[in-house]
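Chemist: At position 162 of the sequence shown (counting the first as 1) the number is 162 in full-length UniProt numbering, and the numbers step up by one without a gap.
No residue lacks a Cβ here, since even glycine has one placed at the ideal position from N, Cα and C.
Could you have a look at this structure, given as structure tokens, before my questions?
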Amino acid sequence: MITVGDVMNMRAFDSIWLTTPCDGAAAREVTGVGTLDHEPFTGGYEVFTQGEFVFTTLGFAGVHPDLAEEALLALIECGVAAVAVKPVVLKELPPTVVQASAARGVPVFFYEGRYMERVIADLMNLLDDDAAEWERNHLIDLILAPSDEHAVRSTFFTIAGVTGATIQCLAIRPVTDDGASLRALQKVVEGVLTGYGERWDDVERTFVCRYREMLLGFVSFKRPPLKAIAISDADLAKCIATAGPLVCGISQEVSLGEGDLAVRQAMAALRTAEREDAGIVRWTTLRFDAFRAAARSDRLYARAADLLRSLLFDYDAEHDADLGATAEAFAAAYGEVSRTAEALFQHPNTVRYRLKKIKEVLSVQDATDRELAALLALAYLT
1 MITVGDVMNM RAFDSIWLTT PCDGAAAREV TGVGTLDHEP FTGGYEVFTQ GEFVFTTLGF
61 AGVHPDLAEE ALLALIECGV AAVAVKPVVL KELPPTVVQA SAARGVPVFF YEGRYMERVI
121 ADLMNLLDDD AAEWERNHLI DLILAPSDEH AVRSTFFTIA GVTGATIQCL AIRPVTDDGA
181 SLRALQKVVE GVLTGYGERW DDVERTFVCR YREMLLGFVS FKRPPLKAIA ISDADLAKCI
241 ATAGPLVCGI SQEVSLGEGD LAVRQAMAAL RTAEREDAGI VRWTTLRFDA FRAAARSDRL
301 YARAADLLRS LLFDYDAEHD ADLGATAEAF AAAYGEVSRT AEALFQHPNT VRYRLKKIKE
361 VLSVQDATDR ELAALLALAY LT
């Protein structure tokens, strides 16, 4: 935002001074620039709008001084941001203008400086820079903005026609990896979820669609869950198991505005089911894998963890050391030196020496071994 104070500090002025008692003048927002070079035609002052910083020499008042008073009063009445007068014709403001300026809060300045065109050009450049800065700030806000729950709700209505209070997602793959199997399984899952919805009065809608090389199933509920793990959670797992051979991840039941999290949870649970050959895995039972999935999906967390691991990796590369492997083993052993030594086939004293070096490399020399273990557990969670 450009203010009257910003304009006053422009280098184009040799000097600029306030000629009326006007509290808060410097903080007034400036959104445009205007000039008054000649007397407007009758009613012509309405071309000036709020937010404009108006520059004038009042040259047209050289023959009729009363026109200067009329023009300034009209500009103040328009509520412009400010008026800057080059004192060529008018050397002192009429009392009526001083009173109107103070009453309406529109400051009137006298200024000395370069040609009016240069002053105006500098202000226009300032306004253009501010507009570009606003656009950049808007884009950065979009980058940093958390998910918009209203937008998520709207998107889920577009995708699946759901309008319930909460939603649960299933991410499913067939055992046989081909397109025909995926389409065939989709029909079966649609029937199974329809039957599930008919057994539960609280189900608002069920829906299944193909997404890349998997199926996404949605169950929308009319009411919020009463507990962290909804009573329907285990029943949904039993129900989907009747669809035949498949691998499935089931999300927690969350509010519809957080439906994007339900999709992420279901896909993370599916990855665990595939890795562990577990058939069906519920997010609510993942425990450590849930935090690993959350850490992997959060770029800020991942970057912070990668920084610590990279510091140890770089030291190992330069000194032919094994701090990285020791740090990972120490985290896996929950900070127990003896277990770390057994895992690495090293003497405990060797591990203790490396832990001291790890603290130095990570600049946490004052940390206890327990504190170091907690830090490393976060770094190696992913």
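Using 8 Å as the cut-off, can you tell me whether the region 187-200 makes contact with the region 274-288, which would need three or more C-beta pairs spanning the two stretches below that distance?
Modeler: No, because fewer than three Cβ pairs between the region 187-200 and the region 274-288 fall closer than 8 Å, the two stretches do not touch.
Chemist: CB L126 to CB I16, shorter than 7 Å?
Modeler: Result no, Cβ atoms of L126 and I16 do not sit closer than 7 Å.
Chemist: Using only the alpha-carbon positions, how far apart do A379 and L308 sit?
Modeler: Taking the straight line joining both Cα atoms gives about 6 Å.
Chemist: Use the C-beta contact count for R173: other C-beta atoms within 10 angstroms, 16 or more gives buried, fewer gives exposed.
Modeler: It counts as buried.
Chemist: Whole-angstrom Cβ separation of A327 and T382, contact assumed at under 8 Å?
Modeler: No, A327 and T382 are not in contact; Cβ-Cβ is about 14 Å, not under 8 Å.
Chemist: How long is the line joining the alpha carbons of Q99 and W134, rounded to whole angstroms?
Modeler: Taking the straight line joining both Cα atoms gives about 36 Å.
Chemist: Grab me the residues of F156's own chain with a C-beta within less than 7 Å of its C-beta, minus the 5 sequence neighbours each way, in chain order.
Modeler: For F156, where only same-chain residues beyond five positions count, the Cβ hits under 7 Å are V162, I167, L256, G259.
Chemist: I'd like the list of long-range same chain contacts for R205, defined as Cβ closer than 6 Å, with 5 residues on each side in sequence excluded.
Modeler: Only V162, S220 meet the Cβ criterion.
Chemist: Going by beta-carbon coordinates alone, are F330 and L376 separated by less than 7 Å?
Modeler: It is a contact, given that the beta carbons lie within the stated cut-off.
Chemist: Check the C-beta distance from A82 over to V106 and give it rounded, since I have them as a contact under 8 Å.
Modeler: A82 to V106, Cβ: 7 Å. Contact.
Chemist: Is it true that the CB of L270 sits closer than 7 Å to the CB of G249?
Modeler: In contact: G249 and L270 (Cβ atoms closer than 7 Å).
Chemist: Just the Cα atoms here: how many angstroms apart are F48 and A26?
Modeler: Near 20 Å, if we compare the C-alpha coordinates of A26 and F48.
Chemist: Identify whether T163 lies in helix, strand or coil by the three-state DSSP scheme.
Modeler: Correct three-state label for T163: coil.
Chemist: So what's Y111 in DSSP terms, helix, strand or just coil?
Modeler: Here Y111 sits in strand by DSSP.
Chemist: Count the other CB atoms within 10 Å of the CB of L300; is the residue buried (16 or more) or exposed (fewer)?
Modeler: Exposed: under 16 other Cβ atoms inside 10 Å.
Chemist: Quick one: measure Cβ to Cβ for G51 and E29, integer angstroms, because I've assumed they're closer than 8 Å.
Modeler: The Cβ separation is near 6 Å, so the contact holds.
Chemist: Could you tell me the alpha carbon to alpha carbon distance between M10 and E117, rounded to whole angstroms?
Modeler: Whole-angstrom Cα-Cα distance: 14 Å.
Chemist: Taking the DSSP output, what are the residues bridged to Y334?
Modeler: According to DSSP, Y334 bridges with nothing at all.
Chemist: Using beta-carbon positions only, say whether residue 383 and A373 come within less than 7 Å of one another.
Modeler: With the chain represented from 1 up to 382, any question about residue 383 goes unanswered, as that position is not in the structure.
Chemist: Per DSSP, what kind of secondary structure is R183 in: helix, strand or coil?
Modeler: Reduced to three states, the DSSP call for R183 is helix.
Chemist: Taking Cβ to Cβ, would you say H38 is nearer than 7 Å to F53?
Modeler: Taking 7 Å as the Cβ cut-off, H38 and F53 do not qualify as a contacting pair.
Chemist: Would you call the CB atoms of residue 383 and C169 closer than 7 Å?
Modeler: The displayed coordinates of the chain run from 1 to 382. Any statement about residue 383 would go beyond what the structure contains.
Chemist: Which first and last residues belong to the alpha helix (DSSP H) in which S101 is found?
Modeler: Where S101 is concerned, the enclosing alpha helix (DSSP H) stretches over 95-104.
Chemist: For a test of the three-state rule: what should DSSP assign to R282, helix, strand or coil?
Modeler: DSSP places R282 in strand when its eight states are reduced to three.
Chemist: Using the DSSP secondary-structure output, state which residues sit across from T194 in a beta bridge.
Modeler: Its beta-bridge partners do not exist; DSSP assigns none.
Chemist: Taking G249 as part of the alpha helix (DSSP H), name the residues at either end of that continuous run.
Modeler: Careful: G249 lies outside any alpha helix (DSSP H), inside the beta strand (DSSP E) at 246-250.
Chemist: Tell me where the alpha helix (DSSP H) around S297 begins and ends.
Modeler: Where S297 is concerned, the enclosing alpha helix (DSSP H) stretches over 288-297.
Chemist: Does DSSP put Y380 in a helix, in a strand, or in coil?
Modeler: In this structure, Y380 counts as coil in the three-state DSSP scheme.
Chemist: Pull up the distance between the alpha-carbon of S338 and that of R370, whole angstroms please.
Modeler: Answer to the nearest angstrom: the Cα atoms are 14 Å apart.
Chemist: Does the beta carbon of A325 fall short of 6 Å from some heavy atom of the ligand ATP?
Modeler: The model on display carries no ligand, and the ligand ATP is accordingly not part of it.
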